[in-house]
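These notes are about the structure you will find just below.
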Amino acid sequence: MAAAPVSLSGRFKGSFAYFTIKDRLPQILTRVIDTLHRHKNEFFEKHGEKGVEAEKRAISFLSKLRNELQTDKPMIPLNDELPDTPIWNQYLEYQRNVSNGNGQPSWFQSPWLYVECYMYRRIHEALIHNPPIDDFDPFMEAKIQSFFEAQQAIIAVCTYLQELLKNIEDLNENQLKEEFFKLLQVSLWGNRCDLSISAGEDNSQKSNLLQSLNDFKSFILVDDMENLWSLLLNSKKRTTTKESITRVDIILDNAGFELITDLVLANFLSSSKLATEVHFHGKYIPWFVSDTTKHDFNWTLKQLQSANHMWMSRCGMNWEGNLKKGVWVYHDHMFWTLPHEFSSMAQVAPDLYAELQKSSVIIFKGDLNYRKLTGDRKWEFTVPFHQALNKFHPAPLCSIRTLKAEIQFCLTIRLSKCTPSGGSQMQSRREMCLHAAAGGACMWQLLPPPTTPAAESEVLQSHRVGIPAK
Ligand SMILES: O=P(O)(O)OC[C@@]1(O)O[C@H](CO)[C@@H](O)[C@@H]1O
Ligand SMILES: [Mn+2]
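See below:
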């Protein structure tokens, strides 16, 4: 197998990576600094002068970080006392070694995936170093605002779910499949509500997404929901004895509306008995502005329970009940907030890899997870997705992602509404590729780890067009 290509990086001027590091990451850092400024009085009320002093030190730390970023300074080791610090500093050493003497690892020369993850870990370090504000989540305000901005959309999906649950026992297989496909797409489009791509600007779902699914269908040129359905249905049919289980793992992405869509999907999987267990995986620290932490997950359930809308509160009660009964489990392993490609998981976090091997299917939500699945490298579009996983497959996996970065794979083309520049005709299953456009959406399904080359050819489809307006 050919060596993996170079990583996407800010050293490629004009790339999305370059634009992100040059413009968007400084914007996000500035927004964090402004947030700390705006909470000065709260820190004083809660902690007195100590809180104000801590706020000043954190702002000074973040201003220095922003200057390092904007002037392409070398990355420096972390020096807080968190359990992941040695792993981060080992990774910096690794980057020094692989930089082939091209100087120190730095913001515009090192892999985009590393520097972007490193920025969020340095933001956390700025707070950790400054008690008593060390437990402050600088993105909390934006995540809460995004939740409340999406109230109508949340009411719509919670209402839809509760109406559906009233007669879910009476649905035949086709009707169940139809509902499954709908809720998968709601979860897909929920991924547009990401505050990192918007650099913290409001990016919440305002309208009832269920009414737009048909309009959005053409933005998913090819999806593989059928195979995902077959995998779950076959597993359900095998789950006749109480010993065997169907476990679905959802690697969460953004809090707010996207988290609600993932919980709605999970509720449908449990109530339809397509899954006997659902495991959620959130982030260990505040991450990529809107990614879900344990606090966000629990806050969301409490917020729903106390909502003055019957179906929202019913959802919140049911979901908390599922967690208490153990049919739902929440995990937040620190691996998800390390810079590593997922192909390193078996070495770096063997416990997590072993946990995921218990899954019947793993659903990876969002673009960052997709980038880590494929190493965020300059792959040719025609490279088999399975190859890009670089032997990472603890279980059958599916990536549901709205495209926000250049990386993209086409494996087999069943249908395409776009042709590469030059209008080439449909080519053989593995030759045609769609040139990366700005945005789009994918449903990805990786079948159980292929045993034969032929099995691999059954693997993925993907296409892209622009992401539809909300
Ligand atoms: O994982 P998510 O929430 O779908 O997206 C996170 C994200 O917007 O952050 C990066 C830009 O800063 C993008 O690569 C990536 O899409
Ligand atoms: Mn995210």
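Numbering (full-length UniProt numbering) for the sequence shown: 1 to 470. A virtual CB, placed ideally from N, CA and C, is assigned to each residue, including glycine.
Secondary structure of residue i, DSSP reduced to three states
i: F288; result: coil
i: L171; result: coil
i: S230; result: helix
i: I28; result: helix
i: D262; result: helix
i: L397; result: strand
i: A199; result: coil
i: R121; result: helix
i: R66; result: helix
i: R377; result: strand
i: Q357; result: coil
i: S306; result: coil
i: F219; result: coil
i: S99; result: coil
i: C193; result: coil
i: A153; result: helix
i: P350; result: helix
i: I133; result: coil
i: V186; result: helix
i: E116; result: helix
i: K325; result: helix
i: E163; result: helix
i: P138; result: coil
i: F224; result: Just to set this straight, residue 224 is Asp in the shown sequence, not Phe. Coil.
i: L82; result: coil
i: K236; result: helix
i: K177; result: helix
i: residue 472; result: Shown here, the chain extends from 1 to 470; a query on residue 472 therefore has no answer.
i: T300; result: helix
i: L209; result: helix
i: E456; result: Per-residue confidence for E456 stands at a pLDDT of 28, beneath the threshold of 50, marking its modelled position as unreliable; no derived number is given.
Ligand 2 heavy atom lying under 7 Å from the CB of residue i
i: D296; result: no
i: N308; result: no
i: L213; result: no
i: L25; result: no
i: F288; result: yes
i: D291; result: yes
i: D253; result: yes
i: S196; result: yes
DSSP bridge partner residues for residue i (one or two, in chain order)
i: I144; result: Beta-bridge pairing links I144 to no other residue.
i: N254; result: D291
i: Y330; result: F280
i: P111; result: S9
i: K365; result: I400
i: R247; result: E277
i: S344; result: In DSSP, S344 forms no bridge with anything.
i: P74; result: S106
Option nearest residue i by Cα separation, candidates the options
i: N130; options: D262, L252, T300 and I59; result: I59
i: K13; options: G190, K166 and D23; result: D23
i: V327; options: C158, A354, F268 and D291; result: F268
i: K365; options: R238, A275, H281 and D202; result: H281
i: L164; options: A150, E149 and F180; result: F180
i: G375; options: Y114, I21 and E93; result: Y114
i: K358; options: W287, T20 and D249; result: D249
i: M310; options: I87, L389, S187 and Q162; result: Q162
i: residue 472; options: S7, H333, N167 and R371; result: Examination of residue 472 is not possible in this model, given that the chain is present from 1 through 470 alone.
i: F288; options: A275, D367 and N318; result: D367
i: K46; options: N191, K143, I133 and Q95; result: I133
i: G200; options: N254, L213, L228 and S218; result: N254
i: I362; options: A275, T382 and Q90; result: A275
i: L65; options: P105, P86, A388 and E125; result: E125
i: T300; options: W112, T85 and D262; result: D262
i: M334; options: T85, S235 and H386; result: T85
i: R121; options: C158, L62, F147 and Q95; result: L62
i: N298; options: S271, Y330, S270 and V278; result: Y330
Heavy atom of ligand 1 within 7 Å of residue i beta-carbon
i: S204; result: no
i: G256; result: no
i: N191; result: yes
i: E116; result: yes
i: R377; result: no
i: T20; result: yes
i: R371; result: yes
Ligand 4 heavy atom lying under 7 Å from the CB of residue i
i: G366; result: The ligand content of the structure shown is limited to ligand 1 and ligand 2, which means ligand 4 is not among them.
- request: Please go through the region 2-52 and give each complete alpha helix (DSSP H) segment of 4 or more residues, from N-terminal end onward.
  value: If only complete runs of 4 or more residues are kept, the region 2-52 shows the alpha helix (DSSP H) at 16-19, 25-38 and 40-47, in order along the chain.
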